[in-house]
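A.B. asks: In my numbering, the protein residues as written are 92 to 601.
C-beta: ideal position from N, C-alpha, C; glycine also.
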Ligand code: HXC
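#1: Could you check whether the region 246-256 touches the region 339-353, counting it as contact only if at least three pairs of C-beta atoms, one from each stretch, sit closer than 8 Å?
#2: If you measure between the beta carbons of residue 412 and residue 270, is that distance less than 9 Å?
#3: Based on Cα-Cα distance, which residue from 239, 162, 207 lies nearest to residue 177?
#4: With C-beta atoms as the reference, is residue 167 less than 9 Å away from residue 135?
#5: Under the assumption that residue 242 contacts residue 268 (Cβ atoms under 8 Å), give the Cβ distance between them as a whole number of angstroms.
#6: Since residue 446 and residue 512 are thought to touch, with beta carbons under 8 Å apart, how far apart are those beta carbons, to the nearest angstrom?
#7: Can you tell me whether residue 410 is helix, strand or coil according to DSSP?
#8: In the structure shown, what three-state DSSP assignment does residue 356 receive?
#9: Rounded to the nearest angstrom, how far is the Cβ of residue 165 from that of residue 110, given a contact under 8 Å?
#10: Report yes if the C-beta distance between residue 416 and residue 386 is below 9 Å; otherwise report no.
#11: Along the chain, where does the beta strand (DSSP E) containing residue 250 start, and where does it finish?
#12: Report the residue ranges of all alpha helix (DSSP H) runs contained in full by the region 499-525; include only those spanning at least 4 residues, in chain order.
#13: Can residue 121 be considered in contact with ligand 2, in the sense that its beta carbon sits closer than 8 Å to one or more heavy atoms?
#14: Roughly how many whole angstroms lie between the Cα atoms of residue 213 and residue 179?
#15: With a threshold of 16 other CB atoms inside 10 Å of the CB of residue 463, please say whether the residue is buried or exposed.
#16: List the DSSP bridge partners of residue 243.
#17: Hey, quick one: how far does the alpha helix (DSSP H) through residue 199 stretch, first residue to last?
#18: For a test of the three-state rule: what should DSSP assign to residue 236, helix, strand or coil?
#19: Could you have a look at residue 281 and say whether DSSP puts it in helix, strand or coil?
#20: Just the Cα atoms here: how many angstroms apart are residue 125 and residue 217?
#21: For my contact list, residue 403 and residue 383 are in at a C-beta cut-off of 8 Å; report their separation, rounded to the angstrom.
#22: Which residue comes first and which comes last in the beta strand (DSSP E) that contains residue 432?
#23: Should residue 191 be listed as close to ligand 1, given that the test is whether its C-beta is under 8 Å from any heavy atom?
#24: Answer yes if the region 546-553 comes into contact with the region 468-481, meaning at least three C-beta pairs across the two stretches below 8 Å, and no otherwise.
#25: How about residue 229: is its Cβ closer than 8 Å to a heavy atom in ligand 1?
#26: Closer than 8 Å: is that where the CB of residue 257 sits relative to any heavy atom of ligand 1?
#27: For the candidate residues 376, 455, 596, whose alpha-carbon lies nearest to that of residue 362?
#28: Please return the same chain residues whose Cβ sits closer than 7 Å to the Cβ of residue 600, not counting the five positions on each side in sequence.
#29: Leaving out five residues before and five after residue 182 in sequence, what residues of the same chain have Cβ atoms less than 6 Å from its Cβ?
#30: Any contact between the region 272-282 and the region 343-358? By contact I mean 3 or more CB pairs, one from each, below 8 Å.
#31: Going by CA-CA distance only, name the one from 596, 222, 276, 226 that's closest to residue 262.
#32: I'd like to confirm the pairing. Which residues does DSSP put opposite residue 449 in its beta bridges?
#33: Less than 8 Å between the CB of residue 196 and some heavy atom of ligand 1, yes or no?
#34: Can you tell me whether residue 235 is buried or exposed? The criterion is at least 16 other CB atoms within 10 Å of its CB, across all chains shown.
#35: What is the rounded straight-line gap between the Cα of residue 156 and the Cα of residue 146?
#36: Would you mind working out which of 410, 573, 322, 149 sits nearest residue 343, comparing C-alpha positions?
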């Protein structure tokens with residue numbers, strides 16, 4: 092008996108070494124941690140339960156029959172993050188470059204199936220050379236089995252991918268289906284085809300970092316939702332994000348003890364909006380003053396900065412915040428901002444996370460580059476996302492809500508539950524200058540007359556009361572009371588019931 096136990100320990104020791112000391116050293120020399128070191132940082136100490144530690148591939152080609160390493164390049168199992176369960180798989184670059192074989196994909200599929208069945212989030216930590224070249228179609232099929240499960244789990248359990256090394260070919264499409272992707276600066280990259288293939292096909296010379304590094308994907312392509320300086324920071328932030336997320340679409344939002352005061356008045360908000368309507372101000376100040384303890388987990392903070400999206404808590408319960416940011420492009424809605432916010436709103440709605448929207452938007456961005464880029468379709472994504480969302484929706488208009496953007500930003504007409512406006516709100520088809528130029532086009536007079544018309548338009552329409560008189564705004568509120576109003580409304584809406592008509596699935600304008 093004792094010998095058998097000893098053998099088990101020995102087998103475990105060998106499996107834990109992965110590709111061996113030489114490869115572990117090489118991994119560290121690249122500035123990366125190993126799969127097991129990453130798991131240790133992500134999970135609560137001692138909570139990891141490994142599954143399939145001894146699985147080996149059955150490849151018979153190119154000498155692979157003599158090269159078997161227990162675990163086959165991916166560590167799988169489950170554990171807890173601040174006491175709440177998650178499933179995970181972490182590719183082990185020290186074993187065949189973390190490449191995916193049939194056996195490797197079956198290990199991932201097993202934890203994917205368990206996570207879905209048990210209603211628990213799943214985290215993938217990727218660091219891989221892609222399909223195991225020696226296996227051919229078995230590896231391709233293995234990837235498709237992962238994609239299929241990612242798709243079925245979408246909207247049922249949160250799925251997050253950490254890109255912590257190279258990821259090409261099959262290793263980019265699974266992340267792209269998941270809810271959030273985070274990268275590590277300078278050690279991770281993602282592309283469908285690498286620099287070598289790019290050079291052959293297009294004759295373009297590009298480095299891996301230029302083609303698919305963290306900077307590219309967080310600022311240009313928006314494929315990734317955030318980037319961190321190293322593995323340790325990335326995993327610490329992942330723990331923070333997981334705390335905000337429900338376990339599944341039926342579990343309800345997590346609730347943490349809140350040390351903040353519900354009725355906290357913020358007098359500084361009374362002077363946040365400048366007297367000059369064309370002056371910017373930082374919408375983040377409002378978000379931070381409303382959310383519990385000023386704690387916001389921003390998503391895609393380096394992309395489409397004209398809109399802020401992120402998770403916070405109010406009275407200890409998770410809330411999704413969406414806010415136009417007048418500091419960038421005057422907070423206008425363009426294609427990028429619309430796509431960014433639409434995906435976030437849909438995530439919140441999938442997982443029953445209430446949405447609080449702060450509005451200061453001068454409209455959609457005009458111009459050929461936007462129209463040619465499909466602004467109509469991208470703007471419609473955000474419109475669609477808000478319109479179909481059945482979670483509690485609370486909206487506060489701080490200043491401009493012009494034109495179509497007024498409709499889109501969680502207006503009353505899109506089933507907003509509580510729609511507030513500050514006294515500084517300007518709810519109109521457009522700004523006064525543009526309006527006067529159109530209304531008085533044929534009779535436009537001298538500067539004095541124009542100024543008079545402009546004043547008249549401002550007085551008549553650029554305020555919250557026209558909308559409030561019609562019930563499109565439920566209440567005009569004092570800015571300093573915003574947190575109190577939002578918190579009280581959210582508490583009342585906890586048992587909100589609203590269902591959309593039955594359908595197989597919708598047809599959002601992609
Ligand atoms: C088998 C692989 C491998 C792979 C790496 N290795 N990728 N083994 N299949 N796909 C092995 C290497 O042979 C090496 O083994 C070890 O892993 C470490 O790799 P290095 O090349 O030494 O590391 P590095 O210099 O850091 O380069 C990493 C890399 C490079 C950029 C990922 O290895 C690379 O280009 N690999 C091939 C990438 C690729 O083309 N994959 C196929 C994608 S197509 P030894 O024993 O020598 O140390 C795909 C199709 C799926 O995935 C599509 C589904 C939709």
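C.D. replies: Let's see:
#1: Taking a contact to require three or more Cβ pairs closer than 8 Å, the region 246-256 and the region 339-353 qualify as touching.
#2: Not a contact, by the Cβ cut-off of 9 Å.
#3: For residue 177, the nearest C-alpha among the options comes from 207.
#4: Their beta carbons are not under 9 Å apart, which means residue 167 does not touch residue 135 by this criterion.
#5: Going by Cβ atoms, the distance from residue 242 to residue 268 rounds to 6 Å, so yes, they are a contact pair.
#6: About 17 Å separates the CB atoms of residue 446 and residue 512; that is not less than 8 Å, and the two are not in contact.
#7: In the displayed model, residue 410 falls within a strand according to three-state DSSP.
#8: Reduced to three states, the DSSP call for residue 356 is coil.
#9: Rounded, the Cβ-Cβ distance is 12 Å, inconsistent with contact.
#10: Taking 9 Å as the Cβ cut-off, residue 416 and residue 386 do not qualify as a contacting pair.
#11: In the DSSP assignment, residue 250 falls within the unbroken beta strand (DSSP E) covering 250-254.
#12: Correct list: empty.
#13: Absence of ligand 2 from the depicted structure is noted, with ligand 1 being the only ligands included.
#14: One alpha carbon belongs to residue 213, the other to residue 179, and they sit about 5 Å apart.
#15: Residue 463 is exposed by the Cβ-count criterion.
#16: Its beta-bridge partners do not exist; DSSP assigns none.
#17: Where residue 199 is concerned, the enclosing alpha helix (DSSP H) stretches over 193-209.
#18: The answer is helix: DSSP assigns residue 236 an H, G or I state.
#19: Residue 281 falls in the strand class under three-state DSSP.
#20: Residue 125 and residue 217: Cα-Cα distance of roughly 11 Å.
#21: Yes, they are in contact, since the Cβ atoms of residue 403 and residue 383 sit about 7 Å apart, within 8 Å.
#22: Counting along the chain, residue 432 falls outside any beta strand (DSSP E), though it belongs to the alpha helix (DSSP H) covering 426-441.
#23: Relative to ligand 1, the beta carbon of residue 191 is positioned inside 8 Å of a heavy atom.
#24: No: fewer than three Cβ pairs fall under 8 Å.
#25: The closest heavy atom of ligand 1 lies 8 Å or more from the beta carbon of residue 229.
#26: Yes, since a heavy atom of ligand 1 falls inside the 8 Å radius drawn around the Cβ of residue 257.
#27: Of 376, 455, 596, the residue nearest in Cα terms is 376.
#28: In its chain, beyond the 5 residues on either side, 468, 471, 472, 475 have a beta carbon closer than 7 Å to the beta carbon of residue 600.
#29: Non-local C-beta neighbours of residue 182 in its own chain, meaning closer than 6 Å and more than five positions away in sequence, comprise 165, 189, 217, 218, 219, ordered along the chain.
#30: These segments do not touch.
#31: The residue among 596, 222, 276, 226 with its C-alpha nearest the C-alpha of residue 262 is 222.
#32: Paired residue(s): 414, 487.
#33: Not so, every heavy atom of ligand 1 lies at least 8 Å from the Cβ.
#34: Burial call: exposed.
#35: Roughly 14 Å separates the two Cα atoms.
#36: Per the Cα distances, 410.
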